[in-house]
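Novice:
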Amino acid sequence: MSEKGKKKKESRPKRSKTLKVSNQIPPKRRREIERALDAHESSRPDWDRLTGAKQHRFFGKRIKPGSIRQIEFPLLDVKLGDSWPTPVTIIHGRRPGPTITITGGVHGDEMVGQVAASLLSQNVFTGPGRPLDPEMMAGTVRLAPVLNPPGSTRQLRYFPDGRDLNREFPGSEAGSTTGRVAHRVLNDLISGSDFLLDLHTAARGRDNLPQVRADLAHPPSNRVARAFGIEVILDSKGPKGSMRRTAVDLGIGSLTYEGGGANLADHEAVQIAIYGVLNVLRSLHMIPGNAARPKFRLLASGSTWVRAEEGGLVDLFIGRGSFVKTGEVIGRIVDPLRPSESVDIIAPSRGIFICTANNPIVTPGTPVGHLLPVTRGVKLIRKGLDKNTNRLIVSGSTGEPIWREDFEVEEIMIEGEWSGGAVDAEWQRDWVNESDKEHVEAAEEEDAD
Ligand SMILES: [Zn+2]
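Letter 437 of the sequence shown, counting from 1, is numbered 476 in my numbering, and no numbers are missing.
#1: Please report how far the alpha carbon of L289 lies from the alpha carbon of N187, in whole angstroms.
#2: With burial defined as no fewer than 16 other Cβ atoms inside 10 Å of the residue's Cβ, what is the status of I72: buried or exposed?
#3: Kindly give me the distance between the Cβ atoms of A221 and E207, rounded to whole angstroms, as I take these residues to be in contact under 8 Å.
#4: State the DSSP-derived secondary structure class of E212, mapped to helix, strand or coil.
#5: By how many angstroms is the C-alpha of G299 removed from the C-alpha of P403?
#6: Distance, Cα to Cα, V60 vs L411?
#7: Per DSSP, what kind of secondary structure is R69 in: helix, strand or coil?
#8: Tell me, please, which residues DSSP counts as bridged to R196.
#9: Is any heavy atom in ligand 1 found nearer than 7 Å to the beta carbon of N187?
#10: Is A312 helix, strand or coil when you go by DSSP?
#11: Quickly, what does DSSP pair E297 with across the bridge? List them, please.
#12: Looking only at its chain, what residues have a beta carbon closer than 6 Å to the beta carbon of L255, apart from the 5 residues adjacent to it on each side?
#13: Less than 7 Å separating the Cβ of E149 from some heavy atom of ligand 1?
#14: Between N247 and ligand 1, is there a pair consisting of the residue's CB and a ligand heavy atom that are separated by less than 7 Å?
#15: According to DSSP, what are the bridge partners of W344?
#16: Considering Cα atoms alone, identify which of E380, R359, I385, K364 is closest to G370.
#17: Which ranges would you report for the alpha helix (DSSP H) in the stretch 254-308 if only whole runs of at least 4 residues count?
#18: Between which residues of its own chain and I420 is the CB-CB distance below 6 Å, once the five residues before and five after are set aside?
#19: Verify whether the separation of the beta carbon atoms of I326 and G408 is less than 8 Å.
#20: Beta-carbon within less than 7 Å of D148's beta-carbon, same chain only, minus the 5 sequence neighbours each way: which residues are those?
#21: Between L204, I102, D121, which lies nearest to V489 when the distance is taken from Cα to Cα?
#22: Tell me, which residues are paired with A177 by DSSP?
#23: First and last residue of the beta strand (DSSP E) that includes S106?
#24: What residues in its chain sit with their C-beta under 8 Å from that of S340, if we drop five residues either side in the sequence?
#25: So, helix, strand or coil for V60, using DSSP?
#26: For P375, does the three-state DSSP call read helix, strand or coil?
#27: Per DSSP, what kind of secondary structure is T402 in: helix, strand or coil?
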């Protein structure tokens with residue numbers, strides 16, 4: 040091995056270790072990812088931490104270092120009619136660093152990102168000594184909880200012109216309504232960012248295991264995807280016209296987080312979203328603390344859709360995160376008009392369900408589950424399963440939400456009185472000699488008020 044080769048190997052022990060546990064990505068794609076990461080090694084930007092941060096500009100407004108501002112960001116440029124203003128909270132750190140944008144509600148009926156980004160904008164996160172305290176922050180966090188406000192209030196994925204914002208990027212100033220929104224979001228919110236975390240859920244009728252999607256051959260995206268700190272990472276460029284794919288084309292390290300289903304503020308998915316965002320900020324050294332890491336990562340570049348072969352109603356025995364064996368019966372289709380008959384649904388291979396249907400109505404071909412086939416790391420994965428349900432316990436889902444306020448902690452009253460007049464008075468009685476009794480009594484009197 041050449042000197043150069045040796046040096047390279049020594050300088051990146053962590054990466055080769057994490058790649059070892061990668062599960063499904065084929066060797067050709069892995070080499071492509073490795074090459075991209077190697078080429079990126081020398082071009083990582085260094086933030087000048089010696090000089091102070093400059094004012095941050097957003098949509099013609101200035102934000103001072105060490106401060107927070109909430110700015111109304113109109114999604115349409117109009118004199119008449121609704122401009123769909125949406126709030127963007129800018130937390131501008133005291134010290135310089137990268138700019139990261141966190142978006143929710145690109146699909147109006149997906150509530151998890153809207154709840155998570157709203158919570159992150161609140162004082163429990165941004166107040167003094169809290170995780171997003173601007174005095175302790177290096178760089179800038181932009182939080183845009185809802186990029187489709189008309190869809191959000193109507194619980195609709197699409198904009199009022201029937202278009203999907205996440206297929207309209209880069210958009211155009213003179214294009215369709217949703218195309219104009221895309222153009223504005225891209226130019227005023229996304230393009231000034233170094234990183235983008237776009238928070239989503241599954242579409243209606245499905246439930247996603249909390250997971251991250253990123254183009255792993257794009258080094259800054261690879262970095263934030265791993266830093267998020269959860270088990271399942273899908274290597275994908277994202278659909279054409281999506282915000283993430285367009286942002287990557289601009290060199291912005293981007294990921295999509297998916298957790299839960301549409302129209303639901305899935306608490307676990309919200310909690311994991313916040314855990315992941317904070318992990319990314321810690322990993323980028325924007326906020327203090329160490330990023331948490333999962334025990335293993337499933338890096339996947341392919342999956343299997345399990346479909347119903349008959350019509351009717353599905354009784355699904357599994358849920359998101361279920362680990363199944365090849366041939367396992369995962370559900371049963373019944374037809375209420377022919378109630379005496381049923382057909383089983385069988386798992387085609389061993390693996391983890393990263394998405395399951397929660398709408399029971401099926402016709403032949405309806406997907407009932409999205410399976411990540413697992414061929415390696417089975418022992419490790421089994422250790423991460425809930426013993427009762429056989430489902431993957433996703434990092435960040437356990438433990439108390441850190442945004443729970445003090446007044447929400449139940450205080451349970453236990454009535455009685457301290458025997459002997461003080462907490463430890465009876466305890467003392469046991470070991471004090473009879474001759475010292477006077478001292479004890481004196482001490483007890485002092486304690487009693
Ligand atoms: Zn979505």
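The beta carbon of each residue, even a glycine, is placed where N, CA and C say it ideally should be. Only a predicted model underlies this, so the values are computations on that prediction, with no experimental measurement involved.
Specialist: In short, the structure shows the following:
#1: For the purposes of this step, residue 289 is identified with residue 250 of the sequence shown, where counting begins at 1. For the purposes of this step, residue 187 is identified with residue 148 of the sequence shown, where counting begins at 1. Rounded to the nearest whole angstrom, the C-alpha separation of L289 and N187 is 22 Å.
#2: As a position in the sequence shown, residue 72 is number 33, starting the count at 1. With 16 or more other CB atoms across the displayed protein chains lying within 10 angstroms of its CB, I72 is buried.
#3: Taking the first residue of the sequence shown as position 1, residue 221 is located at position 182. Taking the first residue of the sequence shown as position 1, residue 207 is located at position 168. Confirmed, Cβ separation roughly 4 Å.
#4: One-based indexing of the sequence shown puts residue 212 at position 173. If DSSP states are grouped into helix, strand and coil, E212 belongs with coil.
#5: Taking the first residue of the sequence shown as position 1, residue 403 is located at position 364. Taking the first residue of the sequence shown as position 1, residue 299 is located at position 260. P403 and G299 have their alpha carbons spaced roughly 25 Å apart.
#6: Counting from one through the sequence shown, the residue named residue 60 turns up at place 21. Counting from one through the sequence shown, the residue named residue 411 turns up at place 372. Only weak support exists for where V60 lies, its pLDDT of 41 falling under 50; the coordinates are left without a value.
#7: As a first step, residue 69 must be located in the sequence shown, where it is residue number 30. Three-state result, R69: helix.
#8: Counting from one through the sequence shown, the residue named residue 196 turns up at place 157. Answer by DSSP bridge pairing: none, since R196 is not bridged.
#9: Against the sequence shown, residue 187 aligns to sequence position 148. Outside the cutoff, so no.
#10: Numbered from 1 along the sequence shown, position 273 holds the residue referred to as residue 312. Collapsing the DSSP output to three states places A312 in a helix.
#11: Walking along the sequence shown from the start, residue 297 turns up at place 258. H239, Q250.
#12: Looking up residue 255 in the sequence shown gives position 216. Close CB contacts of L255 within its chain, under the 6 Å cut and outside five residues either way in sequence, are with I72, N261, D274 (chain order).
#13: Position 110 of the sequence shown, counted from the start, is the residue given in the question as residue 149. At least one heavy atom of ligand 1 is nearer than 7 Å to the Cβ of E149, so yes.
#14: Indexing the sequence shown from 1 puts residue 247 at position 208. Not one heavy atom of ligand 1 lies closer than 7 Å to the C-beta of N247.
#15: As a first step, residue 344 must be located in the sequence shown, where it is residue number 305. Answer is H409.
#16: Position 331 of the sequence shown, counting from 1, holds the residue named residue 370. The alpha carbon of G370 has as its nearest neighbour, out of E380, R359, I385, K364, the alpha carbon of I385.
#17: For the stretch 254-308, whole alpha helix (DSSP H) runs of length 4 or above, ordered along the chain, are 258-266, 282-288.
#18: Translated into the one-based positions of the sequence shown, residue 420 becomes position 381. Excluding its 5 nearest sequence neighbours in each direction, I420 has no C-beta neighbour in its own chain below 6 Å.
#19: The residue labelled residue 326 in the question sits at position 287 within the sequence shown. The residue labelled residue 408 in the question sits at position 369 within the sequence shown. Not closer than 8 Å, so no.
#20: Walking along the sequence shown from the start, residue 148 turns up at place 109. Closer than 7 Å at the Cβ level, and outside the excluded window around D148, lie G190, Q194, L195, R196, R243, A301, N302.
#21: Outside the shown range of the chain, which is 40 to 488, sits residue 489, and nothing can be said about it.
#22: As a first step, residue 177 is located in the sequence shown; it is residue number 138 there, counting from the start. Among the bridge pairs identified by DSSP, A177 is matched with R134.
#23: Taking the first residue of the sequence shown as position 1, residue 106 is located at position 67. Counting along the chain, the beta strand (DSSP E) containing S106 begins and ends at 106-113.
#24: Reading the sequence shown from its first residue, position 301 is the one you call residue 340. The answer, listed in chain order, is Q63, I64, P65, R68, L273, D274, S275.
#25: In the sequence shown, the residue the question calls residue 60 occupies position 21. Residue placement at V60 is flagged as unreliable, the pLDDT there being 41, under the threshold of 50; a coordinate-derived value is accordingly withheld.
#26: Locating residue 375 in the sequence shown gives position 336, counting from the first residue. In the three-state reduction of the DSSP assignment, P375 falls in the coil class.
#27: Sequence index remark: in the sequence shown, residue 402 carries index 363 (1-based). Coil.
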